[in-house]
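Here is the structure we will look at, set down as structure tokens.
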Amino acid sequence: WTTVPTILQRNHKLSERRVNLDFSVFPITNSVRALMWVSRIQPDLILLDVGMPSIDGYELCRMIRGNEQFKRIPIIMVTGNSGGLNRSMAMDAGASDYVTKPFTSEGLLTVVKRHLQKLSEHSQMNSALKEFHAHRLIQG
């Protein structure tokens, strides 16, 4: 990364224990604020709790995914429900991953790093493709 990855999160486990981590973590308290912050800061990753007030995590995930600008942001759903139906609902809503409580901060950090790594690799591939196409245009 050339800059520090930005994480928007409802679950506070990561920010409580993020000592010496290379992330900027923006905690959110409700769904309406989350939508505002997604637009404002355009985070590199979003941690969503399924049980959010006013709009649940599934619906918020759908709303975020409904905007073309945010389709590539990894969204990790966090919940206390471990059933397959809940995982299926999260994936149908557009979640990139699903973590069930209880979890360790190390386990959550592993999932976060994996998705940030994928995002970084995707960004590098896009840059290389753009450079390749620009080079081909110059050479005609």
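Residue numbers 3 to 142, in my numbering, belong to the letters of the sequence shown in order. Glycine included, each C-beta is placed from N, C-alpha and C at the ideal position.
Exercise for review: Identify, in the order they occur along the chain, each residue of the same chain with its Cβ nearer than 7 Å to the Cβ of V113, setting aside the five sequence neighbours on each side.
Suggested key: I78, D99 and V101
Check your understanding: Secondary structure at M54, three-state DSSP: helix, strand or coil?
Key -> coil
Check your understanding: Any chance the CB of E123 is under 7 Å from a heavy atom of the ligand SAM?
Key -> What this structure holds is no ligand at all, so the ligand SAM is not there to describe.
Check your understanding: Mind checking G59: buried by the 16 CB within 10 Å criterion, or exposed?
Key -> Burial of G59 is indicated by the presence of at least 16 other C-beta atoms within 10 angstroms of its C-beta.
**Study point:** With 16 other Cβ atoms within 10 Å as the buried cut-off, status of S33
**Key:** buried
Check your understanding: Looking at the structure shown, is T81 part of a helix, part of a strand, or coil, going by DSSP?
Key -> strand
Review point. By Cβ distance, which residues of its chain are closer than 7 Å to I57, with the 5 residues on each side in sequence left out?
Key: If the five residues before and after I57 are omitted, its C-beta is found closer than 7 Å to the C-beta atoms of S33, all from its own chain and listed in chain order.
Check your understanding: How would you write the range of the alpha helix (DSSP H) that F134 sits in, first residue to last?
Key -> S107 to Q141
Check your understanding: Are the CB atoms of I9 and L50 nearer to each other than 8 Å?
Key -> Taking 8 Å as the Cβ cut-off, I9 and L50 do not qualify as a contacting pair.
**Study point:** Whole-angstrom C-beta distance between G82 and K103, which should lie under 8 Å
**Key:** Right, the Cβ-Cβ distance comes to about 4 Å (below 8 Å), so this counts as a contact.
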